[in-house]
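Novice: If you're matching positions, the sequence shown starts at 14 in my numbering and goes up one per residue. My structure is below; once you've seen it, I'll send some questions.
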Amino acid sequence: MPPQDPTTNDLNQLLYPHGAPLADPSPTNSSPTTPPAAGTPARGAGGYEVRRRELLKVADEMRADIESVEQAVQALKIQVHQVGDWDVAQQLASKVNTAHTNMLGVLDLYVQVAKATAGRVENSAKTYGKAEEGAKEASRTPTPTNVTPW
């Protein structure tokens with residue numbers, strides 16, 4: 014006989030051991046275009062925070078790590094030579110050389126992707142900075158005298 018499925022109370026205790034309630038899993042209207050119920054707490058930008066300096070630190074650390082990987086890849090760029098005169102040794106050297114070349118190609122691709130990712134992290138931090146400056150500037154704009162508050 015298969016084991017019984019856990020009840021909602023069991024799941025609540027597993028997921029929220031300190032007593033936080035689990036939302037009703039069966040909403041009355043499950044359409045994704047329907048607005049949330051009135052009792053649902055709003056989640057706005059009030060709790061949203063971007064730490065640009067930390068993002069920039071991450072990008073810098075990524076670049077430092079990438080440089081060390083690049084140095085290791087440069088050290089690995091050697092050619093494998095024949096290890097003996099018999100046929101097996103000659104075939105082994107060519108196979109190892111092919112595998113080594115493929116490995117270096119993958120490492121080069123990894124470095125390129127990592128550099129692009131570090132650039133994207135840095136660009137994200139700059140974009141957040143520009144957006145915050147724009148928001149601050151917009152909030153500093155005085156209300157025109159000919160407009161009445163609503």
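Glycine included, C-beta positions come from ideal geometry on N, C-alpha and C.
1. Under a Cβ-count criterion, where at least 16 other Cβ atoms within 10 Å of its own Cβ denotes burial, should Ala151 be classed as buried or exposed?
2. With contact counted as at least three CB pairs below 8 angstroms, one residue from each stretch, are the region 141-150 and the region 96-113 in contact?
3. Output the distance between the C-alpha atoms of Val160 and Ala77, rounded to the nearest integer angstrom.
4. Would DSSP call Lys149 helix, strand or coil?
5. Check Gln17 in the structure and name its three-state DSSP category.
6. Using 8 angstroms as the threshold, is the C-beta distance between Ile79 and Lys128 below it?
7. Are Leu68 and Ser137 close, meaning C-beta to C-beta below 8 angstroms?
8. If you measure from the beta carbon of Gln84 to each beta carbon in chain D, is any gap under 8 angstroms?
9. Beta-carbon separation of Val82 and Val124 under 8 angstroms?
10. Please confirm whether Val134 and Ala72 have their CB atoms less than 8 angstroms apart.
11. Does the distance from the CB of Met75 to the CB of Thr20 come in under 8 angstroms?
12. Ends of the alpha helix (DSSP H) at Lys90?
13. Taking the alpha-carbon positions, what's the Asp121 to Val63 distance?
Specialist: Reading off the structure:
1. Result: exposed.
2. With the cut-off at 8 angstroms, the region 141-150 and the region 96-113 do not touch.
3. When rounded, the distance between both Cα atoms is 53 angstroms.
4. Note: Lys149 maps to helix in three-state DSSP.
5. Gln17 carries a coil assignment under DSSP once its states are collapsed to helix, strand and coil.
6. A contact, by the Cβ cut-off of 8 angstroms.
7. Note that the C-beta distance between Leu68 and Ser137 is below 8 angstroms.
8. Absent from the structure: chain D. Only one protein chain is present.
9. Contact: yes.
10. Taking 8 angstroms as the Cβ cut-off, Val134 and Ala72 qualify as a contacting pair.
11. Contact: no.
12. Membership of Lys90 in any alpha helix (DSSP H) is not indicated, and neither H nor E is assigned to it by DSSP.
13. Asp121 and Val63 have their C-alpha atoms spaced approximately 32 angstroms apart.
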